[in-house]
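**Q** Respectively, the protein sequence lines represent chains L and B. Numbering (my numbering) for the first sequence: 1 to 469. Numbering (my numbering) for the second sequence: 1001 to 1226.
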Amino acid sequence: MYKTLKGRLLLPFIGLIVGLNLLVHHVLDVAMEGTLEQGMAGILGELGEDARTFDQAYETFANGSYDVDTFYWRLVDPTGQLILSEGRQIGAAERLGDRLIPGEKRADSISVDVQTTLHVVTRKLPDGTVIQAGLLVDKDDELLARFASHWRLGVLGLTLVAAGLAWWIAHGAMGGVREVRRTAEEILVGSLEARVPESQQVVEVRNLSATINRMLDKIDLLITDLRTVTVDVAHDFRSPLTRIRGAAEVVLRGDRTIEAYEGLAVRVIEETTHLEAMIATMLEIVRMDAGEIPLHRESLDPGALVREVIELYTESADTKRITLRTEIAETGTIRGDRTALRRVVANLIDNAVKFTPAGGDVCSGTVQEDDAVVMYVEDSGPGIPRDEIPRLFERFYRADSSREKPGHGLGLSYVKSAVDAHGGVVRVAARVGGGTRMEIRFLPEISVPLPDRKVGTSLTQGVSSNIGA
Amino acid sequence: MLRVLVVEDDTKTSEYLVKGLQQEGFVVDLASDGEQGFQATRDVRYDVVVMDIMLPGLDGLQVVQRLRQLEIETPVLVLSAKAALDDRIRGLRAGGDDYLTKPFSFAELVARVEALARRSHRIETPSILTLGELTLDRERHRLTIHGREVDLQPGEFKLLGYLMRNVGRVVSKTMILDYVWGYDFDPQTNVVEAKISRLRTKLAAHTSRELIRTVRGLGYVFEATV
């Protein structure tokens, strides 16, 4: 039982009540006995209080009437002669007066046997007379016994009531926990939509429920995401696989010339290269989103980065008769992973070159804004329809207009994931005069706070669309 | 003639590795698990060992470790199917070995095997490469054809140097992007084709011979002089 939370709340509570009762019982017991003894000593002490001489004492004692079973008294004259004695005589008490100085008195408790104690007061009068008066007390006194049994019954009852109350409270408090468990079981059975009711009475359980629900939301999102990706991967793998298989079948069913076989081999290599690139990029995006790929951050000059990538595209742009320009403005440095960011810029330029018709132009550059370092790529292509912008960064998304272009539809997803991992922002805008402007914005490595602006305000807007605005 | 040991348990893979390497002129032996691979490498002086990492019993990295403990310094090219490289695999390059992630192009495999063999025989590429009418001075960044200097951009110079060093051997677009520009991904636009095409145009102004040949589906090859 101690292994349950309820037990852990309940058992110490019961233990505490029982312990406290026993303690009180003991203290009262001791105190009562003490009081009895004191009272006894008082009564006996008064006996013969007024007596100054043997005669006075004799008178007092001789006139008293006592229960001989429980009383003990002795009167010894100054010469040591026993004059009077009544009640049960206890030898151990008889010589108590010997060492007293005249005028002194003493009180003693003497254990007579297991059951009985003698409380005795001894007094030596100024003339040497010794008087002793005592009471034999039965330890197992009936009164005490009755009192004690009532007491114990009370303790037991109280403990039971307290335990019941404690159980009821603990049970109520654990109600939320039971609901959490019920929800978990529901999810185990199969519906990830189940949530713990958050209207819990106990604050801790309420917080726990809220956290668990948030966690479930996150898992739900991840699983949905994973499902989408899996479906997309399957879909996007089928097409190249169909092409490979189809090409092979056509060759085998056809005239089987060397040229046909050669062509097939080339097709297979091209298609598998494409598949391989897709798998690699997909994995990289997923792992980057999960934070599994550590960024090797270093100080980077965005201008140099843009120039370096543009250089790669000089000839291919030329071949398409596209003018490739750079507009590098002096900017601060950023901290980033060179390989990842170079690939980001390459993807943007790649897209721009791919979608810009012959005779158009692509311009890449950098600009320093108040609180952000911006790298951008502009093209004179057809622009992106406003309703396609939100889907642009989805994995495998390819606008209808781009179906015929080469590519696996992961370029911009990579851009988004890599820029996100760097804490930057991607923006799509319409280029003045037609075309598209893609921006990636990063915090500068050394931020220069301006007096009237907060650093980072323009970095909080996420992907925004200004097309047609 | 270079002697290569292939350690691979998957018969389909080993079949094509052995056949492909034999076609390239290597003498090839096959071991089908780590233990066999270890013993063969210990007993025979191979120039290069091509070893799959996932092997029954001893895995590829353990074999490398055991060889090095015995101070057998035969260079090993480890083939890994993992896209995510761990530090042990990365560490191979530092130890004079190399790795290749699956899937890889055969051209790349051949290039890596030859590079390892060259390194183990301490053959250094001279700083001045002369192939027929071409002379490439890598230290002074100068190309001359028939003694006349050709004006090349730094990128073009590196590209030509890479092709010339691999004379007679096909290099893929991926390899070119990786070695010349340090990009480990494939751009969707034909950047390499365009670069090669520009380089060809520049070379054609000085020589009538077609120096860089396209091998369909595979890549490019710098033709050796006849």
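Virtual Cβ for every residue (Gly too), placed ideally from N, Cα, C.
#1: I need the DSSP call for Ile14(L), collapsed to helix, strand or coil.
#2: Expressed to the nearest angstrom, what Euclidean distance is found between the alpha-carbon atoms of His150(L) and Leu158(L)?
#3: Quick one, which residues of the region 1187-1206 of chain B are near chain L if we go by CB-CB under 8 Å, in chain order?
#4: For Phe1157(B) and chain L, any beta-carbon pair shorter than 8 Å?
#5: Output, in sequence order along the chain, the residues in the region 411-439 of chain L whose CB is closer than 8 Å to any CB in chain B.
#6: Going by the CB atoms, is the gap between Leu300(L) and Ile310(L) shorter than 8 Å?
#7: According to DSSP, simplified to helix, strand and coil, what is Thr457(L)?
#8: Please go through the same chain and pick out, in chain order, the residues whose beta-carbon is closer than 8 Å to the beta-carbon of Leu96(L), but skip the five residues on each side of it.
#9: Between Glu298(L) and Thr339(L), what straight-line distance do the alpha-carbon atoms span, to the nearest angstrom?
#10: Taking Cβ positions only, does Arg1093(B) come closer than 8 Å to chain L?
#11: So, is Glu249(L) buried or exposed, given that buried needs 16 or more other C-beta atoms within 10 angstroms?
#12: Applying the 10 Å Cβ sphere with the 16-neighbour rule, what's the burial state of Leu1077(B)?
#13: Taking the alpha-carbon of Arg1216(B) as reference, which of Leu216(L), Glu276(L), Glu262(L) has the nearest alpha-carbon?
#14: Measure from the C-beta of Phe1038(B) to each C-beta in chain L and report whether the shortest distance is under 8 Å.
#15: Put Leu1228(B) into one of helix, strand or coil per three-state DSSP.
#16: Residues of chain B with a CB under 7 Å from the CB of Leu10(L): which are they?
#17: Going by Cα to Cα distance, which pick from Gly128(L), Glu388(L), Gly176(L), Asp217(L) is closest to Gln81(L)?
#18: Just list the residues that DSSP pairs Ile384(L) with in beta bridges.
#19: Hey, which unbroken runs of the beta strand (DSSP E) at 3 residues or more fall wholly within the region 1076-1108 of chain B?
#20: Kindly list the residues whose CB is nearer than 6 Å to the CB of Ile1128(B), restricted to its own chain and excluding five residues on each side of it in sequence; keep chain order.
#21: Counting C-beta neighbours from all protein chains within 10 Å, is the total for Ser209(L) 16 or more, i.e. buried, or is it exposed?
#22: Reducing DSSP to helix, strand and coil, say where Thr471(L) ends up.
#23: Specify the secondary structure class of Gln81(L) as computed by DSSP and reduced to three states.
#24: Who are the Cβ neighbours of Leu1100(B) in its own chain at under 8 Å, not counting the five residues just before and after it?
#25: Under 8 Å between the Cβ atoms of Phe1038(B) and Val1004(B)?
#26: Name, please, each residue of chain B whose Cβ falls closer than 7 Å to the Cβ of Glu311(L).
#27: Based on DSSP bridge pairs, tell me the residues matched to His119(L).
#28: Quick one: give me the first and last residue of the alpha helix (DSSP H) that Gln338(L) is part of.
#29: If the cut is a Cβ gap below 9 Å, which residues of chain B does Asp350(L) touch?
#30: Starting from Met174(L), trace the beta strand (DSSP E) in both directions and tell me its first and last residue.
#31: Considering Cα atoms alone, identify which of Phe71(L), Asp255(L), Ala51(L), Leu153(L) is closest to Glu104(L).
#32: Tell me whether the region 425-435 of chain L and the region 281-299 of chain L touch, counting them as touching only if at least three CB pairs, one residue from each stretch, are closer than 8 Å.
#33: Can you find at least 3 beta carbon pairs, one from the region 1178-1189 of chain B and one from the region 1138-1147 of chain B, that sit closer than 8 Å?
#34: Residues in the same chain with beta-carbon distance under 8 Å from Gly383(L), minus the five sequence neighbours each way, listed in chain order, please.
#35: Who are the Cβ neighbours of Ser465(L) in its own chain at under 7 Å, not counting the five residues just before and after it?
#36: Find the residues of chain B that neighbour Ala265(L), judging by a C-beta separation of less than 7 Å, and give them in chain order.
**A** Let me lay it out:
#1: Here residue 14(L) refers to the residue found at position 14 of the first sequence. Correct three-state label for Ile14(L): helix.
#2: By one-based count along the first sequence, residue 150(L) stands at place 150. By one-based count along the first sequence, residue 158(L) stands at place 158. Cα to Cα, the separation comes out at about 12 Å.
#3: Pro1187, Gln1188, Thr1189, Asn1190, Val1191, Glu1193, Ala1194, Lys1195, Ser1197, Arg1198
#4: For the purposes of this step, residue 1157(B) is identified with residue 157 of the second sequence, where counting begins at 1. Output row for Phe1157(B): interface = no.
#5: Gly411
#6: Indexing the first sequence from 1 puts residue 310(L) at position 310. Indexing the first sequence from 1 puts residue 300(L) at position 300. No, the Cβ-Cβ distance between Ile310(L) and Leu300(L) is not below 8 Å.
#7: In the first sequence, residue 457(L) corresponds to position 457, counting from 1. Only weak support is given to the placement of Thr457(L): the predicted model assigns it a pLDDT of 41, under 50, and the value that follows is read from those uncertain coordinates. Helix, per DSSP.
#8: Indexing the first sequence from 1 puts residue 96(L) at position 96. Closer than 8 Å at Cβ, skipping near neighbours: Arg106, Asp108, Val120, Thr122, Gln132.
#9: The count along the first sequence starts at 1 and reaches residue 298(L) at position 298. The count along the first sequence starts at 1 and reaches residue 339(L) at position 339. Whole-angstrom Cα-Cα distance: 11 Å.
#10: By one-based count along the second sequence, residue 1093(B) stands at place 93. It does not; no Cβ of chain L falls within 8 Å.
#11: As a working mapping, residue 249(L) is identified with position 249 in the first sequence. Exposed: under 16 other Cβ atoms inside 10 Å.
#12: Walking along the second sequence from the start, residue 1077(B) turns up at place 77. It counts as buried.
#13: What you label residue 1216(B) is simply residue 216 of the second sequence in a count that begins at 1. Here the closest residue by C-alpha is Glu262(L).
#14: The residue given as residue 1038(B) occupies position 38 in the second sequence. Judged by the 8 Å Cβ criterion, Phe1038(B) is not in contact with chain L.
#15: Lying outside 1001 to 1226, the shown extent of chain B, residue 1228(B) is not represented and no answer is given.
#16: Position 10 of the first sequence, counted from the first residue, corresponds to residue 10(L). Within 7 Å Cβ-Cβ: nothing; Leu10(L) doesn't reach chain B, min ~51 Å.
#17: Taking the first sequence and counting its residues from 1, the one referred to as residue 81(L) is at position 81. The option with the nearest alpha carbon to Gln81(L) is Gly128(L).
#18: What you label residue 384(L) is simply residue 384 of the first sequence in a count that begins at 1. Answer by DSSP bridge pairing: none, since Ile384(L) is not bridged.
#19: 1076-1080, 1098-1101
#20: Here residue 1128(B) corresponds to residue number 128 of the second sequence, with the count starting at 1. Taken in chain order, the residues that qualify are Asp1137.
#21: In the first sequence, residue 209(L) corresponds to position 209, counting from 1. Buried, by the Cβ-count rule.
#22: Nothing about residue 471(L) can be reported from this structure: the residues present for chain L run from 1 to 469 only.
#23: Mapped onto the first sequence, residue 81(L) falls at position 81. Note: Gln81(L) maps to coil in three-state DSSP.
#24: If you number the second sequence from 1, residue 1100(B) lands on position 100. Same-chain partners within the cutoff: Leu1077, Val1078, Leu1079, Ser1080, Glu1108, Leu1109, Arg1112.
#25: For this step, residue 1038(B) is matched to residue 38 along the second sequence. For this step, residue 1004(B) is matched to residue 4 along the second sequence. Not closer than 8 Å, so no.
#26: For the purposes of this step, residue 311(L) is taken as the residue at position 311 of the first sequence. Result: Gly1155.
#27: Sequence index remark: in the first sequence, residue 119(L) carries index 119 (1-based). DSSP lists Ser109(L), Leu135(L) as partners of His119(L).
#28: Against the first sequence, residue 338(L) aligns to sequence position 338. Looking at the sequence shown, residue 338(L) is not Gln but Arg. Where Arg338(L) is concerned, the enclosing alpha helix (DSSP H) stretches over 338-355.
#29: By one-based count along the first sequence, residue 350(L) stands at place 350. Neighbours of Asp350(L) on chain B, chain order: Pro1187, Gln1188, Thr1189, Val1191.
#30: As a first step, residue 174(L) must be located in the first sequence, where it is residue number 174. Counting along the chain, Met174(L) falls outside any beta strand (DSSP E), and DSSP gives it neither H nor E.
#31: As a position in the first sequence, residue 104(L) is number 104, starting the count at 1. For the residues Phe71(L), Asp255(L), Ala51(L), Leu153(L), the minimum Cα distance to Glu104(L) belongs to Ala51(L).
#32: no
#33: no
#34: Position 383 of the first sequence, counted from the first residue, corresponds to residue 383(L). Around Gly383(L): Ala430, Arg431, Gly434, Gly435, Thr436, Ile467.
#35: Against the first sequence, residue 465(L) aligns to sequence position 465. Low confidence applies here, because Ser465(L) scores a pLDDT of 43, under 50, leaving its location unreliable; read the following figure in that light. Result list for Ser465(L): Arg386, Ile389, Val428, in chain order.
#36: What you label residue 265(L) is simply residue 265 of the first sequence in a count that begins at 1. Neighbours of Ala265(L) on chain B, chain order: Gly1217.
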